[in-house]
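Have a look at the structure below, then the notes.
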Amino acid sequence: KDVGLKSTNKIFENKNILSRSEDKLDCYLNEIESESIELTATLINDGDLSWPEIETIWKQTVNYRLQFIKENNTSSIFKKWIHYTKPLGYKLIEIDFCRMYSKFKNLSVKFGDKSSTLLNIFDDRIKDSGSKTLLQQLKESNILCDNGKHLTMLYLLHSLFIPTSRKMTLDENGKKSMIKYSIRDSQNTFILVAPTAVELDTIMDKLKNQSNSIQPCIL
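See below:
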């Protein structure tokens with residue numbers, strides 16, 4: 151009981167400190183990381199934290215988190231570091247990326263510079279027919295702007311990282327079925343394509359009615 155009381159008091163103390171200035175918070179968290187990084191990692195899941203506070207703690211726990219990522223599977227990673235799945239999770243990914251690859255800044259610029267290398271990788275590794283057709287169209291197109299080319303290449307990246315997860319679902323009649331996600335399913339979480347805006351609305355309504363979460367994506 152005493153241990154639990156001490157832990158509770160410690161968390162309460164941490165929450166109070168988070169309301170202070172940024173400099174004091176950074177100083178405190180540097181101290182906490184060496185003393186009790188597990189407690190700090192637990193604190194980040196407090197529902198009362200603002201996003202700037204979450205980012206501050208995230209920066210201070212990078213080394214601990216990267217080690218956790220090396221030792222655990224994707225499911226465990228998302229369970230412990232749930233903020234990866236939030237709408238602003240891309241900012242947290244950037245924090246981790248910059249720590250891991252401090253020399254590789256201005257990724258958006260370098261992505262364009264290395265696009266020819268990526269195309270060669272696509273040629274060698276893309277196997278599914280739909281993505282191979284899209285790759286050929288990309289290479290032959292003379293009308294796509296740079297943003298269009300980069301978007302298509304990001305779309306094709308899903309063909310390199312083939313989904314392996316499965317999910318249990320219920321159909322309209324309440325029958326259970328196991329879904330194995332495909333490359334197209336993965337691509338559809340990044341870009342939803344439909345001939346008209348009305349058909350896009352229909353797709354969105356269907357996902358909503360099925361209680362399927364919709365990650366930030368391009369329509």
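At position 55 of the sequence shown (counting the first as 1) the number is 205 in the numbering used here, and the numbers step up by one without a gap.
Even for Gly, the Cβ is constructed at its ideal location relative to N, Cα and C.
key: Candidates Tyr331, Gln286, Ser291 and Phe247, of which the one nearest Thr314 by Cα   = For Thr314, the nearest C-alpha among the options comes from Tyr331.
inquiry  = Less than 8 Å between the C-beta atoms of Ile329 and Thr319, yes or no?
reply    = Thr319 sits close to Ile329, with the two beta carbons spaced by under 8 Å.
request  = Report yes or no: do the segment 273-291 and the segment 299-309 share at least 3 C-beta pairs separated by less than 8 Å?
outcome  = In this structure the segment 273-291 touches the segment 299-309; the number of beta carbon pairs closer than 8 Å is three or more.
inquiry  = If contact is defined by three or more beta carbon pairs under 8 Å, each pair taking one atom from either stretch, is the segment 241-254 in contact with the segment 290-301?
reply    = no
request  = Tell me whether Lys165 sits in a helix, a strand or coil according to DSSP, three-state version.
outcome  = Because Lys165 carries a pLDDT of 48, less than 50, the predicted location of this residue cannot be relied on, and the following value inherits that uncertainty. It is helical.
inquiry  = Which residue wins for smallest C-alpha separation from Trp231, given the options Thr211, Arg249 and Met250?
reply    = Thr211
ask   = Got a sec: does the ligand GTP put a non-hydrogen atom nearer than 7 Å to the Cβ of Phe340?
value = As presented, the structure is devoid of all ligands, the ligand GTP included, so that no description of it is given.
request  = Please look up how many angstroms separate the CB atoms of Thr302 and Leu288, rounded, as I've assumed it's under 8 Å.
outcome  = 5 Å
Whole-Å CB distance - Leu350 paired with Leu357, under 8 Å assumed = Not confirmed; about 11 Å, so no contact.
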